[in-house]
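Colleague: Under the numbering used here, the residues of the sequence shown are numbered 1 to 170, in order. Got a structure for you, written out below as structure tokens; questions coming shortly.
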Amino acid sequence: GIKVTTYNAEQLKFSIRVQYATFDLPALAQKCNIIQFNGYYACSDCTIQGVAIDRQIFYPYSPVQSPRKTDHDYLTLSTQNLPAARAMGIKEPTPLTKLLLFSDQAAKDYTHLVCSGHFKTLVTYWERILLPGVFDQSSNYLLSVVLPHSFAYQSMPLVQYGQWKTKMFR
């Protein structure tokens with residue numbers, strides 16, 4: 001709960017129950033006081049360490065799952081003055097530290113994270129590594145798919161993904 005001291009020094013305690021709080025990554029970093037989404041320990045769910053490739057941080061695939069960050073991690077690491085590598089991306093406590101179980105109750109915004117964030121990065125990567133012509137063939141295939149009439153838009157060429165709106169990455 002939260003303790004509040006009134007103007008006449010009376011202590012009030014409020015019990016608050018929260019089901020979920022939904023954040024996109026910049027808001028998650030700011031409101032929960034954790035490393036930004038481009039940092040080495042940016043995953044708010046586990047302890048995976050990012051790897052720098054060029055000037056971007058990537059999180060490599062591993063068949064072994066990284067240990068999950070727990071609410072205990074958020075409570076203890078946020079109150080200790082540790083170097084960034086030992087704090088696993090957790091900076092300092094916020095008012096939300098006592099209200100949320102960060103590992104379970106901080107939901108991420110799918111549309112912005114997956115559709116316009118991660119998937120756009122993947123398409124950019126695929127464009128660079130695919131054999132010549134494969135990206136164009138994939139683009140032509142997507143254009144040949146007839147979407148149901150309930151869709152408010154039709155596919156645009158994959159080669160024009162730079163102009164796509166977020167909803168087109170779904």
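Ideal placement from N, C-alpha and C gives every residue a C-beta, glycine not left out. Remember, it's a predicted structure, so these values are computed and weren't measured experimentally.
Beta strand (DSSP E) containing Gln30: first to last residue?
Modeller: Where Gln30 is concerned, there is no enclosing beta strand (DSSP E), although the alpha helix (DSSP H) it sits in stretches over Leu25 to Cys32.
Colleague: Can you tell me which of the three DSSP states Ile129 falls into?
Modeller: Correct three-state label for Ile129: helix.
Colleague: Leaving out five residues on either side along the sequence, give the residues of the same chain with a beta carbon under 6 Å from the beta carbon of Val159.
Modeller: If we look at Val159 and ignore the five residues flanking it on each side, its Cβ neighbours are Ser139.
Colleague: Which same chain residues, not among the five before or five after Leu131, have their C-beta less than 8 Å away from its C-beta?
Modeller: If we look at Leu131 and ignore the five residues flanking it on each side, it has no Cβ neighbours.
Colleague: Could you tell me whether the Cβ atoms of Ala106 and Leu100 are closer together than 8 Å?
Modeller: Their beta carbons are under 8 Å apart, which means Ala106 touches Leu100 by this criterion.
Colleague: With DSSP as the reference, identify every bridge partner of Lys13, one or two as the case may be.
Modeller: Paired residue(s): Lys3.
Colleague: Within 10 angstroms of the Cβ of Ile129, are there 16 or more other Cβ atoms? Answer buried if so, exposed if not.
Modeller: Burial call: exposed.
Colleague: Report the three-state DSSP secondary structure of Lys108 (helix, strand or coil).
Modeller: The answer is strand: DSSP assigns Lys108 an E or B state.
Colleague: Considering only their Cβ atoms, is the gap separating Leu77 from Thr97 smaller than 8 Å?
Modeller: Against a cut-off of 8 Å, the Cβ pair of Leu77 and Thr97 comes out as no contact.
Colleague: Return helix, strand or coil for Gln56, following the three-state DSSP convention.
Modeller: Looking at Gln56 - three-state DSSP - the assignment turns out to be strand.
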